[in-house]
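A quick write-up on the structure given underneath.
2 protein chains.
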Amino acid sequence: MTGTRRRRTGAEADGGERAFLAGYDARRYPHPSLTTDVVLVSAAEGTLHTLVVRRGDHPDKGKWALPGGFVRLEEGLDAAAARVLADKAGLEGVFLEQLYTFGEPGRDPRTRVVTVAYYALVDHGRFLEASRRSSDVVVARIEVPWDGETGGPVALAGPDGGALPLAFDHAEIVGMAVKRLRGKLDYTPVGFQLLPAAFTLLELQRVHETVLGRPLNKDSFRRRMLASGELEATGRSEREVDHRPAELYRFARRRAI
Amino acid sequence: MTGTRRRRTGAEADGGERAFLAGYDARRYPHPSLTTDVVLVSAAEGTLHTLVVRRGDHPDKGKWALPGGFVRLEEGLDAAAARVLADKAGLEGVFLEQLYTFGEPGRDPRTRVVTVAYYALVDHGRFLEASRRSSDVVVARIEVPWDGETGGPVALAGPDGGALPLAFDHAEIVGMAVKRLRGKLDYTPVGFQLLPAAFTLLELQRVHETVLGRPLNKDSFRRRMLASGELEATGRSEREVDHRPAELYRFARRRAI
DNA sequence: TGAATAGTGTCTATAAGACAATATCCC
DNA sequence: GGGATATTGTCTTATAGACACTATTCA
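Keeping their order, the protein sequence lines are chains H and V.
Just so we're aligned, residue 1 is where the first sequence starts under UniProt numbering, counting upward by one.
Just so we're aligned, residue 1 is where the second sequence starts under UniProt numbering, counting upward by one.
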């Protein structure tokens, strides 16, 4: 028992925790701080990328952190993540989904901070716009040291190939985003979120391979995608390629928040 | 901007949220309250069950709530959920996993409460012990009004068949647990957690069918399970059944927290 | 012996992987 | 025409569903 809880009496013996809230002054006892961090993911050149921000202050000064911020008292969690995304990366209307909540007591050395992590998916083109806003913002390549959905922390590499050390437990958070994304890909049409509105089947396959970290069979990928009903031919084709141009498809029902 | 944030200056323009924490006094500004709620799930008689507690106080007095409690300042999220499980249901060593974090501003009428929901899996036998501890604790049948992994709120029915109205957004939380469980079943050996140490293939199939809410093909279920390598024959058989006794299996590597 | 479920074997339909053949663009 | 990739079609193999048949227990 800590100072935040009173002795429980008979009537409160079960379910009393909630009753307790009624007489509870939120300002009187310390709560954990609540933040949200967003793993903004794109796929390009066979690698997943994510946006990180250089920390200007201690602790972990000079290391790289996910864009994040406090959850305001009157603001929903999804809304807080969307706000962070808009503020830090200038992005709206992208796929955004809650990932996991990280709250080990030691994860931030200053005070107890619980963070509700989100992940967002964008096509690489929109991604690059965002990274041009500041030299403290970088789109890093994600290096995944495990196969399949094993999970665990990942490493980041900057545009010059150098390692970007991650602040706090953010390597775990990005790793969790990769793991989730790999899992989702098997049964949800999440790959489209990483591509522009129109794309070829090969581009879609490359995105899937990038997410999964392994090559896929072209024939069956093609069949599976066309049979899924998620794709819709645009009637247009690629232009200015030095081979037979591929047909362009679009996602039949694109979702976003 | 609320009073919880200062105006940002140039050096803080990106990543400043974290720097902000350094000079931040956690007791000076209101944070959301942080709780954890546990959806304790079992399978029996073709239906999923969960444990709920009758609320003795307003708001939602008389309605039924998931066992829950505050996350202590020095305590990890998993640890908080495990503590709630031990306190409220007397259960330890069961499968316990983070589910989702619910934090819409209006979900608790008194103050802003963000809850990190967990779900736990137990075999129905152990479950019943827990429910005998108090008349305010009930193991309810979960009635799922949607197919597959559609998601959405569910309803609860008490032992007498009457509806048990759920407090707050707990119908959503239980619904999310069912959805997650259905998704997990396809690719992880989570069904074993709902059974005692030794079980027959048909019992395992019934559990899967209960979770998924649809019948499964016996032959291919059998083949799939035996081929998965997750099962291990105990060498023993059922006793006292009025038909040919089935072989008892155990899970080859049972996991728990 | 009969009821009831366990467990085995076989056939068929479907989906995935492999591979060959043809099509269409730019140079 | 040559290079390169798109697209189609066929064959093989693995897996799921259907179904028939035998096995084993208790009443």
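Where a beta carbon is used, it is the ideal one built from N, C-alpha and C, also for glycine.
>> Distance cutoff 8 Å, beta carbons only. Does residue 115 of chain H sit that close to anything in chain V?
In response: Taking the first sequence and counting its residues from 1, one reaches residue 115 of chain H at position 115. For residue 115 of chain H, the answer is no, since every Cβ of chain V falls outside 8 Å of its Cβ.
> Mapping DSSP to helix, strand and coil, what is residue 81 of chain V?
Replying inline: Taking the first residue of the second sequence as 1, we reach residue 81 of chain V at position 81. DSSP places residue 81 of chain V in helix when its eight states are reduced to three.
> Hey, quick one: how far does the alpha helix (DSSP H) through residue 219 of chain H stretch, first residue to last?
Replying inline: Start at 1 with the first residue of the first sequence, and residue 219 of chain H comes out as number 219. 218-228 is the span of the alpha helix (DSSP H), which, as asked, contains residue 219 of chain H.
> What are the boundary residues of the alpha helix (DSSP H) that residue 130 of chain V is part of?
Replying inline: Working through the second sequence from its first residue, we reach residue 130 of chain V at position 130. That run of the alpha helix (DSSP H) goes 124-131.
> Can you list, in chain order, the residues of its chain whose CB lies under 6 Å from that of residue 101 of chain V, leaving out five sequence neighbours each side?
Replying inline: As a working note, residue 101 of chain V is residue 101 in the second sequence. Answer for residue 101 of chain V: 116, listed in chain order.
> What is the C-beta distance between residue 168 of chain H and residue 108 of chain H, in whole angstroms, given that I count them as a contact (C-beta under 8 Å)?
Replying inline: Here residue 168 of chain H refers to the residue found at position 168 of the first sequence. Here residue 108 of chain H refers to the residue found at position 108 of the first sequence. Sure, about 6 Å apart at Cβ, within 8 Å.
>> So residue 71 of chain V contacts chain H; which residues on that side make the cut at Cβ distance below 8 Å?
In response: Looking up residue 71 of chain V in the second sequence gives position 71. Ordered by position in chain H, the residues that pass the 8 Å Cβ test against residue 71 of chain V are 32, 103, 114.
>> Residues of chain H with CB closer than 9 Å to the CB of residue 119 of chain V, please, in chain order.
In response: Here residue 119 of chain V corresponds to residue number 119 of the second sequence, with the count starting at 1. Within chain H, no residue comes near residue 119 of chain V; the closest Cβ sits about 14 Å away, beyond 9 Å.
> Quick one: is residue 205 of chain V near chain H, going by C-beta distance under 8 Å?
Replying inline: Looking up residue 205 of chain V in the second sequence gives position 205. So no, residue 205 of chain V is outside the interface.
>> Can you check which of these residues, V:173, V:42, V:140, is closest to residue 162 of chain V by C-alpha distance?
In response: Taking the second sequence and counting its residues from 1, one reaches residue 162 of chain V at position 162. The residue with the shortest Cα to Cα distance from residue 162 of chain V is V:140.
>> Can you tell me whether residue 172 of chain H is buried or exposed? The criterion is at least 16 other CB atoms within 10 Å of its CB, across all chains shown.
In response: For the purposes of this step, residue 172 of chain H is taken as residue 172 along the first sequence, with counting starting at 1. Its Cβ being crowded by 16 or more others within 10 Å, residue 172 of chain H is buried.
> Looking at the structure shown, is residue 190 of chain H part of a helix, part of a strand, or coil, going by DSSP?
Replying inline: One-based indexing of the first sequence puts residue 190 of chain H at position 190. It is coil, neither helix nor strand.
>> Does chain V have any CB closer than 8 Å to the CB of residue 195 of chain H?
In response: Residue mapping note: residue 195 of chain H aligns to position 195 of the first sequence, counting from 1. Residue 195 of chain H does not count as touching chain V.
> Secondary structure at residue 121 of chain V, three-state DSSP: helix, strand or coil?
Replying inline: Counting from one through the second sequence, the residue named residue 121 of chain V turns up at place 121. Correct three-state label for residue 121 of chain V: strand.
>> If we define contact as Cβ-Cβ less than 8 Å, is residue 77 of chain H a contact residue for chain V?
In response: Position 77 of the first sequence, counted from the start, is the residue given in the question as residue 77 of chain H. Chain V contact via Cβ: present.
>> Under DSSP, the alpha helix (DSSP H) around residue 180 of chain H begins and ends at which residues?
In response: Counted from its first residue, the first sequence places residue 180 of chain H at position 180. Unbroken alpha helix (DSSP H) run through residue 180 of chain H: 170-185.
>> I'd like the span of the beta strand (DSSP E) that includes residue 101 of chain H, first residue to last.
In response: The residue you call residue 101 of chain H lines up with position 101 of the first sequence. Residues 95-102.
> Using DSSP with H/G/I as helix, E/B as strand and the rest coil, what is residue 47 of chain V?
Replying inline: Working through the second sequence from its first residue, we reach residue 47 of chain V at position 47. It is a strand residue.
> CB-CB under 7 Å to residue 123 of chain H, same chain, minus the five flanking residues each way: which ones, in chain order?
Replying inline: Against the first sequence, residue 123 of chain H aligns to sequence position 123. For residue 123 of chain H, where only same-chain residues beyond five positions count, the Cβ hits under 7 Å are 42, 194, 195, 196.
> For residue 33 of chain H, is the classification buried or exposed, using 16 other Cβ atoms within 10 angstroms of its Cβ as the cut-off for buried?
Replying inline: Position 33 of the first sequence, counted from the start, is the residue given in the question as residue 33 of chain H. With 16 or more Cβ atoms within 10 Å of its Cβ, residue 33 of chain H is classed as buried.
>> My assumption, with CB atoms under 8 Å, is that residue 259 of chain V sits in contact with residue 252 of chain V. Please give the rounded CB distance.
In response: In the structure as shown, chain V starts at 1 and stops at 257, and residue 259 of chain V therefore has no counterpart that could be examined.
> Leaving out five residues before and five after residue 233 of chain H in sequence, what residues of the same chain have Cβ atoms less than 7 Å from its Cβ?
Replying inline: Counting from one through the first sequence, the residue named residue 233 of chain H turns up at place 233. If we look at residue 233 of chain H and ignore the five residues flanking it on each side, its Cβ neighbours are 247, 249.
> With residue 126 of chain V and residue 91 of chain V assumed to form a contact (beta carbons below 8 Å), what rounded beta-carbon distance in angstroms separates them?
Replying inline: Counted from its first residue, the second sequence places residue 126 of chain V at position 126. Counted from its first residue, the second sequence places residue 91 of chain V at position 91. With a Cβ gap of about 7 Å, residue 126 of chain V and residue 91 of chain V count as contacting.
>> Just checking: is the beta-carbon of residue 74 of chain H within a distance shorter than 8 Å of some beta-carbon in chain V?
In response: Indexing the first sequence from 1 puts residue 74 of chain H at position 74. By the rule that beta-carbons nearer than 8 Å mark a contact, residue 74 of chain H touches chain V.
>> I'd like to check one pair, residue 175 of chain V with residue 154 of chain V: are the Cβ atoms closer than 8 Å?
In response: Along the second sequence, one-based indexing puts residue 154 of chain V at 154. Along the second sequence, one-based indexing puts residue 175 of chain V at 175. A contact, by the Cβ cut-off of 8 Å.
> In or out: residue 67 of chain V buried (at least 16 other Cβ within 10 Å) or exposed?
Replying inline: Here residue 67 of chain V corresponds to residue number 67 of the second sequence, with the count starting at 1. Buried, since its Cβ has 16 or more Cβ neighbours within 10 Å.
>> Using DSSP's beta-bridge definition, name the partner residues of residue 247 of chain V.
In response: Translated into positions along the second sequence, residue 247 of chain V becomes position 247. Residue 247 of chain V is bridged to V:237.
> Along chain H, which residues have their Cβ under 8 Å away from the Cβ of residue 100 of chain V?
Replying inline: Counted from its first residue, the second sequence places residue 100 of chain V at position 100. Those within 8 Å of residue 100 of chain V in chain H are 98.
> Distance, Cα to Cα, residue 205 of chain H vs residue 114 of chain V?
Replying inline: If you number the first sequence from 1, residue 205 of chain H lands on position 205. If you number the second sequence from 1, residue 114 of chain V lands on position 114. Roughly 39 Å separates the two Cα atoms.
> How far does the alpha helix (DSSP H) with residue 207 of chain V in it reach, from first residue to last?
Replying inline: In the second sequence, the residue the question calls residue 207 of chain V occupies position 207. Counting along the chain, the alpha helix (DSSP H) containing residue 207 of chain V begins and ends at 201-212.
>> What does the alpha-carbon distance come out to for the pair residue 27 of chain H and residue 118 of chain V?
In response: Stepping through the first sequence from its first residue, residue 27 of chain H is reached at position 27. Stepping through the second sequence from its first residue, residue 118 of chain V is reached at position 118. Low confidence applies here, because residue 27 of chain H scores a pLDDT of 49, under 50, leaving its location unreliable and the question unanswered by this model.
> What do you reckon, are the CB atoms on residue 94 of chain V and residue 121 of chain V nearer than 8 Å?
Replying inline: Position 94 of the second sequence, counting from 1, holds the residue named residue 94 of chain V. Position 121 of the second sequence, counting from 1, holds the residue named residue 121 of chain V. Taking 8 Å as the Cβ cut-off, residue 94 of chain V and residue 121 of chain V qualify as a contacting pair.
> Which first and last residues belong to the beta strand (DSSP E) in which residue 156 of chain V is found?
Replying inline: Within the second sequence, residue 156 of chain V is the residue found at index 156, counting from 1. Unbroken beta strand (DSSP E) run through residue 156 of chain V: 155-157.
> Looking at residue 48 of chain H and residue 89 of chain H, is the spacing between their C-beta atoms short of 8 Å?
Replying inline: Numbered from its first residue, the first sequence carries residue 89 of chain H at position 89. Numbered from its first residue, the first sequence carries residue 48 of chain H at position 48. No, they are not a contact pair.
> Can you check whether the CB of residue 62 of chain H is closer than 8 Å to the CB of residue 55 of chain H?
Replying inline: Numbered from 1 along the first sequence, position 55 holds the residue referred to as residue 55 of chain H. Numbered from 1 along the first sequence, position 62 holds the residue referred to as residue 62 of chain H. Going by C-beta atoms, residue 55 of chain H is nearer than 8 Å to residue 62 of chain H.
> According to DSSP, what are the bridge partners of residue 37 of chain V?
Replying inline: In the second sequence, residue 37 of chain V corresponds to position 37, counting from 1. DSSP, once it has assigned bridges, lists V:68, V:117 as partnering residue 37 of chain V.
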